[in-house]
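Remarks on the structure that follows.
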Amino acid sequence: MLFLILILVSVARANDFITVISESYSYVSYPDYRILNDGNIIPTLALGTFTPYKSERDPGVIEQAVITAIEAGYRHIDTAPLYCTEGEIGNAINNVTSRGIVTREELFITTKVNPTYTELELTAYCLREGIAVMSYGPYGFMVPRPFRNITARPPTFDDQTLKIIANKYGKSTKQVVLRYLVALSAKNQPKILLNDGNEMPIIAFGTFGRVGVSAKDQPKIRLNDGNEMPTIAFGTFGRIVDITTEVRQSVIWAVKAGYRHIDTAAVYLNEEEVGKAIKNVTTGGIVKREDLFITTKLDFGLNGSMVLSALNTSLNKLQLDYVDLYLIHIPNNWITLEEYDLVDTWKGMEEVKRMGLAKSIGVSNFNSSHINRLLTHNNIRPAVNQVEVNPTHASLDLVAYCQKEGIVVTSYAPMGFLVPRPFRDYAPPPLIDDPNLTSLSIKYGKTVRQILIRYLLDCGTVPISKSSNKNHIQENIDVFDFSLSKEDIYLLNEFNLNMKVYDFSIEIAEALVWYYYGMKVEDFFPS
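So in the UniProt record's numbering, spot 197 of the sequence shown is number 197, and the numbers just go up one at a time.
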């Protein structure tokens, strides 16, 4: 039986609304939605709008409070005819939807026939019957109740027990009370593995879907050289015609949304634009350089003696003194299929790591035999192998091999064929409307995109999410407040066809290079 309590946040006076909205909303990261017994989805935190008599509040206060709340992240607004606030709430909804802040479908609006009083026995009955309980007045007598003639009953906000708990979690006593109510409905909490090997419930204090805040505290994974890497990356690969119009702005949006891991490459021809974006967010005080994890890649076909010069070229374009991760991009020539001298190239990679120009080094598009060659003949193990991983191409054996060797897998093309691939003439399942995916979306209260990114995280990889759409950029990183069950991971594994989006066979490579670069594949590779 689903045990569910929804929290209704309000304040004693209308003029106090705006000052407490941000604090109230920053209390929780999981769960952000629950499924009702009729299949509809309800956000677990609502903004209450009951205030003193209309004559005692300034005109427009409720309207502005609701606008501020929606901009802060609230999607559930509660009102009633008795509150005399429906008119202002309607104005606020019209304001935020007409400005594109949200669509009407993203909001959950509650109003009432008449007020009701919920007792403990009634609450228990509702929970047993699968009826969601919305709990208003969550602060009890901890806030002033001028309409009551009795002395405030404990606890109050200065209660020592509440203070101890607040100090323990670094939160206010208001946030502790709200978190307590949500925790009552927490069952089978997902956990995340910390660097010290301990487990921490994800349901601990967070930000209830406030992507730009929660994402910056995303967990990191420790590489085999001791460096740490954020567990989700923002990818920048795209068509050359879109570089000047999309890349810089997309990276800025991504960093503001909470991404700290940015992935680029010399062959993407966008390092200058990525560098300008990094300059923008670091000089603008959004992040410090040390807060970012920047990955770039060695150009195709270069030997060990060329690595230092190639990396210096990339650093100049990126306007950086070092990169956090430098990768050999591909192991062989797509046209001739001739393998590069990987052992020699890796020696050059080891040298730039020793020089401090690359904090960590790794490979991309390598199979197990390629990696074995490096492990046999070189001194430093690759920290990362970046390969395509998605439900259609799960790379289960390669991922398992890399994990056995202590090599982290970063997974590009996480959406597989769910997004348009104009250079491919066939799209195998799953597609975006696949019934299994939509059922998982409903089950977890997340989009299909978020389900797929969470799948890659739960498989132990670091997904590289790419988009030039601001909403999708934010959506794709809002994945740290849930985990998939083992059964659902196995379900997604069943889609595996060992079919890549970025198949480097000559036929597909020709279409791919023409689509992204507008040139023939033979002109793309150095002779």
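In this text, a Cβ means the ideal position worked out from N, Cα and C, and glycines have one as well.
Practice item. From the DSSP output, read off the bridge partner residues of Ser364. Key: Numbered from 1 along the sequence shown, position 364 holds the residue referred to as residue 364. Paired residues: Gln386.
Practice item. Please say whether Asn227 and Gly406 have beta carbons closer to each other than 8 Å? Key: As a position in the sequence shown, residue 406 is number 406, starting the count at 1. As a position in the sequence shown, residue 227 is number 227, starting the count at 1. Cβ distance not < 8 Å, so Gly406 and Asn227 don't count as in contact.
Exercise for review: Out of Arg99, Glu88, Asn95 and Ile77, point me to the one whose CA is closest to Phe108's CA.
Suggested key: Here residue 108 corresponds to residue number 108 of the sequence shown, with the count starting at 1. Among Arg99, Glu88, Asn95 and Ile77, the Cα nearest to that of Phe108 belongs to Ile77.
Review point. Under three-state DSSP, which class holds Glu414?
Key: For this step, residue 414 is matched to residue 414 along the sequence shown. For the record, residue 414 in the displayed sequence is Pro; it is not Glu. In the structure shown, Pro414 sits in coil (DSSP, three-state: anything other than H, G, I, E or B).
Review point. Just checking my contact of Phe423 with Leu308 at CB under 8 Å: how many whole Å lie between their CB atoms?
Key: For the purposes of this step, residue 423 is taken as residue 423 along the sequence shown, with counting starting at 1. For the purposes of this step, residue 308 is taken as residue 308 along the sequence shown, with counting starting at 1. Between Leu308 and Phe423 the Cβ distance is about 34 Å, and since that is not below 8 Å, they are no contact.
Practice item. Verify whether the separation of the beta carbon atoms of Leu437 and Val448 is less than 8 Å. Key: As a working mapping, residue 437 is identified with position 437 in the sequence shown. As a working mapping, residue 448 is identified with position 448 in the sequence shown. The answer is yes: Cβ separation under 8 Å.
Exercise for review: Inspect the beta-carbon positions of Ile477 and Ala257 and report whether they are closer than 8 Å.
Suggested key: Position 477 of the sequence shown, counted from the first residue, corresponds to residue 477. Position 257 of the sequence shown, counted from the first residue, corresponds to residue 257. Against a cut-off of 8 Å, the Cβ pair of Ala257 and Ile477 comes out as a contact.
Point to revise | Start-to-end residues for the beta strand (DSSP E) that takes in Ser98 | key: Position 98 of the sequence shown holds residue 98. First-last for Ser98: Glu86 to Ser98, but that is the alpha helix (DSSP H), not the beta strand (DSSP E).
Practice item. Report yes if the CB atom of Ile89 is closer than 8 Å to the CB atom of Ile70, and no otherwise. Key: In the sequence shown, counting from the first residue as 1, residue 89 sits at position 89. In the sequence shown, counting from the first residue as 1, residue 70 sits at position 70. Contact: no.
Review point. If you follow the beta strand (DSSP E) that Thr110 is part of, which residue opens it and which one closes it?
Key: The residue you call residue 110 lines up with position 110 of the sequence shown. Counting along the chain, the beta strand (DSSP E) containing Thr110 begins and ends at Phe108 to Thr110.
Check your understanding: Leaving out the 5 sequence neighbours to the left and right, which residues in its chain are closer than 8 Å to Asn467 when beta-carbon positions are compared?
Key -> Numbered from 1 along the sequence shown, position 467 holds the residue referred to as residue 467. It is worth fixing the name first, because residue 467 is Ser in this sequence and not Asn. Ser250, Ile473 and Asn476, listed in sequence order.
Practice item. Please go through the same chain and pick out, in chain order, the residues whose beta-carbon is closer than 6 Å to the beta-carbon of Glu271, but skip the five residues on each side of it. Key: Here the question's residue 271 lines up with position 271 in the sequence shown. Once the five neighbours on either side are set aside, the close Cβ partners of Glu271 are Thr264, Ser314, Lys317 and Leu318.
Point to revise | Whole-Å CB distance - Pro429 paired with Leu456, under 8 Å assumed | key: Taking the sequence shown and counting its residues from 1, one reaches residue 429 at position 429. Taking the sequence shown and counting its residues from 1, one reaches residue 456 at position 456. Their Cβ separation, rounded to whole angstroms, is 18 Å, which puts Pro429 and Leu456 out of contact at 8 Å.
Practice item. Along the alpha helix (DSSP H) that carries Thr282, what are the first and last residues, could you check? Key: What you label residue 282 is simply residue 282 of the sequence shown in a count that begins at 1. Looking at the DSSP string, the run of the alpha helix (DSSP H) that includes Thr282 is Glu271 to Thr283.
Point to revise | Cβ-based neighbour list, Ile294, same chain, cut-off 6 Å, excluding 5 preceding and 5 following | key: Taking the first residue of the sequence shown as position 1, residue 294 is located at position 294. Same-chain partners within the cutoff: Ile262, Val323 and Asp324.
Review point. For the candidate residues Val287, Lys276 and Trp346, whose alpha-carbon lies nearest to that of Asn303?
Key: Taking the sequence shown and counting its residues from 1, the one referred to as residue 303 is at position 303. Among Val287, Lys276 and Trp346, the Cα nearest to that of Asn303 is on Trp346.
Exercise for review: Please report the residue range of the alpha helix (DSSP H) in which Phe524 lies.
Suggested key: In the sequence shown, the residue the question calls residue 524 occupies position 524. Taken as a continuous stretch (DSSP letters only), the alpha helix (DSSP H) holding Phe524 covers Val521 to Phe524.
Check your understanding: Leaving out the 5 sequence neighbours to the left and right, which residues in its chain are closer than 7 Å to Gly212 when beta-carbon positions are compared?
Key -> Residue numbering aside, residue 212 sits at position 212 when the sequence shown is read from its first letter. With a pLDDT of only 37 at Gly212, under the threshold of 50, the placement of this residue in the model should not be trusted; the figure read from the coordinates follows. These residues qualify, in order along the chain: Lys256, Ala257 and Gly258.
Review point. Who pairs with Lys220 in a beta bridge, going by DSSP?
Key: Along the sequence shown, read from residue 1 onward, the residue named residue 220 stands at position 220. For Lys220, which the question treats as bridged, DSSP gives the partners Pro230.
Point to revise | N- and C-terminal bounds of the alpha helix (DSSP H) containing Val399 | key: By one-based count along the sequence shown, residue 399 stands at place 399. Segment Leu396 to Lys404, the alpha helix (DSSP H) holding Val399.
Practice item. Note down, in chain order, each residue of its chain lying with its Cβ closer than 6 Å to the Cβ of Met306, except the 5 sequence neighbours on either side. Key: In the sequence shown, the residue the question calls residue 306 occupies position 306. Excluding positions up to five away in sequence, the list is empty.
Check your understanding: For the candidate residues Gly301, Asn385, Asp488 and Asp458, whose alpha-carbon lies nearest to that of Tyr412?
Key -> Counting from one through the sequence shown, the residue named residue 412 turns up at place 412. Out of Gly301, Asn385, Asp488 and Asp458, Asn385 has the C-alpha closest to the C-alpha of Tyr412.
Check your understanding: Mind checking Tyr426: buried by the 16 CB within 10 Å criterion, or exposed?
Key -> Taking the sequence shown and counting its residues from 1, one reaches residue 426 at position 426. Looking at its Cβ environment, which holds fewer than 16 other Cβ atoms inside 10 Å, Tyr426 is exposed.
Practice item. Kindly list the residues whose CB is nearer than 6 Å to the CB of Thr97, restricted to its own chain and excluding five residues on each side of it in sequence; keep chain order. Key: Stepping through the sequence shown from its first residue, residue 97 is reached at position 97. So the qualifying residues of the chain are Arg104.
Practice item. Give every residue of the same chain whose Cβ lies closer than 7 Å to the Cβ of Asn188, excluding the five residues on either side of it in the sequence, and list them in chain order. Key: In the sequence shown, counting from the first residue as 1, residue 188 sits at position 188. For Asn188, the predicted model reports a pLDDT of 30, less than 50, meaning its position is unreliable; a value from the coordinates is still stated below. Counting only Cβ-Cβ distances below 7 Å, and skipping sequence neighbours, we find nothing.
Point to revise | Residues near Leu497 by beta carbon distance below 8 Å, same chain, minus five either side | key: Within the sequence shown, the letter at position 497 stands for residue 497. The residues are Thr392, His393 and Pro428.
Exercise for review: Within 10 angstroms of the Cβ of Leu47, are there 16 or more other Cβ atoms? Answer buried if so, exposed if not.
Suggested key: Start at 1 with the first residue of the sequence shown, and residue 47 comes out as number 47. Result: buried.
Exercise for review: Within 10 angstroms of the Cβ of Ile464, are there 16 or more other Cβ atoms? Answer buried if so, exposed if not.
Suggested key: As a first step, residue 464 must be located in the sequence shown, where it is residue number 464. That one is buried.
Practice item. Ignoring anything shorter than 4 residues or poking outside the stretch 298–384, list the alpha helix (DSSP H) runs there in chain order. Key: Those alpha helix (DSSP H) runs which fall completely within the stretch 298–384 and span 4+ residues are 307–318, 342–354 and 368–377.
Practice item. Specify the secondary structure class of Ala427 as computed by DSSP and reduced to three states. Key: Translated into positions along the sequence shown, residue 427 becomes position 427. Looking at Ala427 - three-state DSSP - the assignment turns out to be coil, as it is neither helix nor strand.
**Study point:** Alpha-carbon spacing of Val176 relative to Asn167, whole angstroms
**Key:** For the purposes of this step, residue 176 is taken as the residue at position 176 of the sequence shown. For the purposes of this step, residue 167 is taken as the residue at position 167 of the sequence shown. Approximately 10 Å, taken between the alpha carbons.
Review point. In terms of residues, what are the limits of the beta strand (DSSP E) holding Pro43?
Key: Residue numbering aside, residue 43 sits at position 43 when the sequence shown is read from its first letter. Counting along the chain, the beta strand (DSSP E) containing Pro43 begins and ends at Ile41 to Pro43.
Point to revise | Thr289 classed as buried or exposed, judged by whether at least 16 other C-beta atoms fall within 10 angstroms | key: To locate residue 289, count along the sequence shown from 1; it is residue 289. Sequence check: residue 289 is Arg here, not Thr. It is exposed - the Cβ of Arg289 has fewer than 16 other Cβ atoms within 10 Å.
**Study point:** Distance cut-off 7 Å: Arg381 Cβ against heavy atoms of the ligand HEM
**Key:** This structure simply doesn't include the ligand HEM, nor any ligand for that matter.
Exercise for review: Determine the closest residue to Asp321 out of His329, Leu311 and Leu327, with distance taken between C-alpha atoms.
Suggested key: What you label residue 321 is simply residue 321 of the sequence shown in a count that begins at 1. Asp321 has its Cα closest to that of Leu311, out of His329, Leu311 and Leu327.
Practice item. Look at Val287 and Thr236 and say whether their C-beta atoms are less than 8 Å apart. Key: In the sequence shown, counting from the first residue as 1, residue 287 sits at position 287. In the sequence shown, counting from the first residue as 1, residue 236 sits at position 236. Contact: no.
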